[in-house]
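J.: Please read through the structure below; I'll follow up with questions.
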Amino acid sequence: MSLEKPTKDKVLFEISQIKKEYEVIDLLIKKMETGNLDNIELRAASSSLQSVYNGFEKILLLILKSSDLYIKTDHAWHSKILDVSLEHHLISTQLESELRDLMGFRHFSRHAY
434 MSLEKPTKDK VLFEISQIKK EYEVIDLLIK KMETGNLDNI ELRAASSSLQ SVYNGFEKIL
494 LLILKSSDLY IKTDHAWHSK ILDVSLEHHL ISTQLESELR DLMGFRHFSR HAY
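Note that the working numbering has the sequence shown beginning at 434, numbered continuously upward.
Structure representation (structure tokens):
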């Protein structure tokens with residue numbers, strides 16, 4: 434699949450943001466290996482994981498829109514992004530499953546107290 438330059442630039446930007454979040458996650462994993470994370474570090478880990486999912490979702494939306502595949506924004510649109518991306522072979526079954534897990538984590542984190 435070939436993306437137009439503006440879309441490709443946006444996708445590359447999102448990838449760079451995801452990499453930054455992985456750096457934070459790596460630091461927290463290393464800290465966790467030497468002891469427990471405090472409440473602030475746990476919140477940072479949660480935020481970074483949510484940001485990783487958001488980045489993947491933005492990338493998929495960019496690709497879907499560039500392919501004229503629009504997702505109707507209703508209560509299930511986040512899930513539909515993964516469904517359509519899998520259906521059009523933008524992601525593998527394994528990646529879809531992993532992203533769905535992250536999506537569930539994000540949903541829980543945003544709505545839990």
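Beta carbons: idealized from backbone N, C-alpha and C, even for Gly.
(1) CA-CA distance, I462 and F538?
(2) Quick check on Y486: buried or exposed, where buried means 16 or more other Cβ atoms within 10 Å of its Cβ?
(3) Check each candidate in L495, H511 and D534 and name the one with the smallest Cα separation from I448.
(4) Suppose contacts are defined by Cβ-Cβ distances below 8 Å. Is I492 in contact with I504 by that definition?
(5) How would you write the range of the alpha helix (DSSP H) that T440 sits in, first residue to last?
(6) Within the continuous alpha helix (DSSP H) that includes S499, where are the two ends?
(7) Measuring CB to CB, does L519 end up less than 8 Å from E531?
(8) For I451 versus A478, is the C-beta distance shorter than 8 Å?
(9) Mark F489 as exposed unless 16 or more other C-beta atoms lie within 10 angstroms of its C-beta, in which case mark it buried.
(10) Using the C-alpha atoms, what's the distance from S542 back to Q483?
T.: Looking at the coordinates:
(1) For this step, residue 462 is matched to residue 29 along the sequence shown. For this step, residue 538 is matched to residue 105 along the sequence shown. I462 and F538: Cα-Cα distance of roughly 18 Å.
(2) Here residue 486 is taken as the residue at index 53 of the sequence shown, counted from 1. Y486 comes out buried.
(3) Taking the first residue of the sequence shown as 1, we reach residue 448 at position 15. Residue L495 is the option with its Cα nearest to I448.
(4) Within the sequence shown, residue 492 is the residue found at index 59, counting from 1. Within the sequence shown, residue 504 is the residue found at index 71, counting from 1. Going by C-beta atoms, I492 is not nearer than 8 Å to I504.
(5) Here residue 440 refers to the residue found at position 7 of the sequence shown. Secondary structure note for T440: its alpha helix (DSSP H) is the uninterrupted segment K438 to T467.
(6) Within the sequence shown, residue 499 is the residue found at index 66, counting from 1. From DSSP, the alpha helix (DSSP H) with S499 extends over N472 to S499.
(7) Here the question's residue 519 lines up with position 86 in the sequence shown. Here the question's residue 531 lines up with position 98 in the sequence shown. In this structure, E531 does not lie closer than 8 Å to L519 by Cβ.
(8) The residue given as residue 451 occupies position 18 in the sequence shown. The residue given as residue 478 occupies position 45 in the sequence shown. No.
(9) The residue labelled residue 489 in the question sits at position 56 within the sequence shown. Classification of F489: buried, given that the 10 Å Cβ count is 16 or more.
(10) Translated into positions along the sequence shown, residue 483 becomes position 50. Translated into positions along the sequence shown, residue 542 becomes position 109. Roughly 8 Å between the two C-alpha positions.
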